[in-house]
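Here's the structure, in structure tokens; my notes come after.
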Amino acid sequence: MFFGERYHPAVQTAVWNPGYHLKRSPMRFTRILLPFLLAAAVAAVVVPSASALAYPDQPCPVETGGVIKICPTGETGKPYSLQLIGREGTGCVPYVTFTATGALPTGLSLSSSGLISGTPTQPGNWVFWVSMRDIPASEGGPSWCNENPPNSTERQFSIAVTQGLQIVQRQSTLSPAQANSAYSMQFSVNGGTSPTWAISSGSSGLLSGTPTATGNFTFQIKATDGGRSDSQTYTLAVVPKLQIGPVTAVGEVGLAFEAAPQATGGSGTYAWSLGAGAALPEGLTMDPATGAISGKPTVPGKTSVKLVVTDTLGLSTTLDVPFTVAAHLLITKKPLPPAKVGKKYRIFFRASGGVVPRTWIMLGGRPGLLPAGLKLNARTGQLSGTPRKAGTYRLRIQVADKLGTHSAAGFVLKVGA
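Position in the sequence shown counted from 1, then plus 1220, gives you this note's numbering.
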């Protein structure tokens, strides 16, 4: 027995036979007979891509100075196949079964017939034991195979897996695009040096441009590097451009305020928020489901607020909205200069706060009538004309702003003879 080999004698005792021979099959598969203890020797059949040229002798030779069988190197993303077989004329071959202990490369498995197969998914080096056991008649084997217990033997193998050419972006759905808006998506690979790309532009792997039609588009990206390639199918959703319509945000302290931003484009439902560091005027809040802004402002002033809307696909857009909160509308109360009959007269009523434009009116009733010959300009608040009758007149003036807020004040106008 050689160091590093484990065996389980059953009926008979045998020694390792170090010999092997090499045969080429019509499919250019490499068939190698490897020595196995007791019941059989093991051979290996490897797919041509993994062995025929790279391994002109044994596909799993023993490493120099060691006892581990070093099998053909696999590559992530590439199918791998290695068939272990028992030497004819030994034990109950071909009535044998195989099992493995230890970790095979991720993505590979060992069948009971001795086939190591699959597609490796992770690079690395894996060392494991393979056990080959005769199948006696009591377990479905031939009648002449009647050992009890059955003969078995084990051998240690190693398979290294290198990183193959693989497109990094494995998700099938790409980040969505918006119609008539610039779009770019950078593809990259693992295991390659300077791959060329199909569909995406040039050798950079950059998919870019400005889509003009909406819909879901499915296509395949292929990266090629020397004799290796990898393909991946993707779906790109192109939706109408996400936009926020214009918003008027003018309020007044103490007056109920409401604004309802409207979004168009994108896909699905919308979620609303404020941009980083943004804050609404004091007294106002936003509904994140509808974007509605409401409340009663408490502090006058001007500010700019960044509104953000995000759709179901994760697309988002922003809009900077200037907010103006006016102070309470209030008529400035100052005594009116006296007027004289037959003399031209002109003064302006003044107001502070509120939201322009303002509208001025003379409240009716007694007192409250203007002197004959004078009139009030509703737009400017100017009282002008030539009074025709002397007397003392008590006036009540009212101003209303754009938001409908009112302020009224009483004045006394004396008209001399």
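Think of the CB as a built atom: it goes at the ideal place given N, C-alpha and C, for glycine as much as any other residue.
Taking the beta strand (DSSP E) that I1379 falls in, what are its first and last residues? S1372 to T1382
For the beta strand (DSSP E) containing V1282, name the first residue and the last one. Element bounds for V1282: n/a, residue is neither H nor E.
Can you look up S1424 in the DSSP assignment and give me helix, strand or coil? coil
Whether Q1440 touches G1411 by CB criterion (9 Å): no
Does the segment 1357-1377 come into contact with the segment 1489-1498, if we say contact requires no fewer than three beta-carbon pairs (one atom in each stretch) closer than 8 Å? no
Could you pull the start and end residues of the beta strand (DSSP E) that S1332 belongs to? It is not in any beta strand (DSSP E) - S1332 carries neither H nor E in the DSSP assignment.
Environment of E1367 [buried if 16+ CB atoms lie within 10 Å]: buried
Report the rounded CA-to-CA distance for A1263 versus R1307, giving the unit in angstroms. Reliability fails at A1263, whose pLDDT of 42 lies under 50, so the model's placement of it is uncertain and no value is given.
How many whole angstroms separate the CB atoms of Q1463 and G1435, which I take to be in contact at a CB cut-off of 8 Å? No, Q1463 and G1435 are not in contact; Cβ-Cβ is about 19 Å, not under 8 Å.
Would you mind sorting P1481 into buried or exposed? The rule is 16 or more other CB atoms within 10 Å of its CB. buried
Contact between the segment 1582-1602 and the segment 1514-1526 is defined here as three or more beta-carbon pairs at a separation below 8 Å; is this criterion met? no
Assuming L1535 contacts F1631 (C-beta within less than 8 Å), just tell me the rounded distance between them. L1535 to F1631, Cβ: 59 Å. No contact.
Residues that DSSP places opposite V1561 in a beta bridge: According to DSSP, which records beta bridges pairwise, V1561 is partnered with nothing at all.
Under a Cβ-count criterion, where at least 16 other Cβ atoms within 10 Å of its own Cβ denotes burial, should G1474 be classed as buried or exposed? exposed
In terms of DSSP beta bridges, what is K1526 paired with? D1540
For the segment 1370-1380 and the segment 1393-1407, state whether three or more C-beta atom pairs, one from each stretch, are separated by less than 8 Å. no
Sort out for me which residues DSSP pairs F1346 with in a bridge. It is Trp, not Phe, that sits at residue 1346 in the sequence shown. In the DSSP output, where bridge partners are listed per residue, W1346 has I1379.
Taking C-alpha atoms, which residue in D1354, I1288, K1289 and L1302 lies nearest to V1316? D1354
Inter-residue spacing [alpha-carbon to alpha-carbon] between P1281 and I1387: 33 Å
Whose CA, out of K1609, G1573, G1294 and V1576, lies closest to the CA of G1589? Residue identity differs from the one stated: residue 1589 is Leu in this sequence, not Gly. It is K1609.
Can you tell me which of D1621, Q1398 and P1292 puts its alpha carbon nearest to the alpha carbon of W1346? P1292
Below 8 Å on the Cβ atoms is my contact criterion, and I expect P1340 with E1295 to pass it. Report the Cβ-Cβ distance as a whole number of Å. 7 Å
According to the Cβ coordinates, are L1549 and S1572 closer than 9 Å? yes
K1553: buried (16+ other C-beta within 10 angstroms of its C-beta) or exposed? exposed
According to the Cβ coordinates, are P1431 and V1458 closer than 9 Å? yes
Look at L1533 and G1515 and say whether their C-beta atoms are less than 9 Å apart. no
If you draw a straight line from the C-alpha of S1372 to the C-alpha of L1385, how long is it? 40 Å
Sub-9 Å separation of V1545 and K1622 beta-carbons: no
Please report the distance separating the alpha-carbon of F1318 from that of S1333. 6 Å
Should P1607 be labelled buried (16 or more other beta-carbon atoms within 10 Å of its own) or exposed? buried
Hey, quick one: how far does the beta strand (DSSP E) through L1596 stretch, first residue to last? L1594 to L1596
Quick one: using the 10 Å Cβ neighbour count with 16 as the cut-off for buried, is L1258 buried or exposed? With a pLDDT of 31 at L1258, under the threshold of 50, the modelled position of this residue cannot be trusted; read the value that follows with caution. Result: buried.
DSSP state of A1357 mapped onto helix, strand, coil: helix
Measuring alpha carbon to alpha carbon, tell me which of M1405, G1425 and V1313 ends up nearest P1370. V1313
Please name the residue in I1288, S1351 and Q1342 whose C-alpha comes closest to that of S1331. S1351
Spatial neighbours of S1269 within its chain, please: CB distance less than 6 Å, with the 5 preceding and 5 following residues excluded, ordered by chain position. Because S1269 carries a pLDDT of 32, less than 50, the predicted location of this residue cannot be relied on, and the following value inherits that uncertainty. Nothing listed; no residue qualifies.
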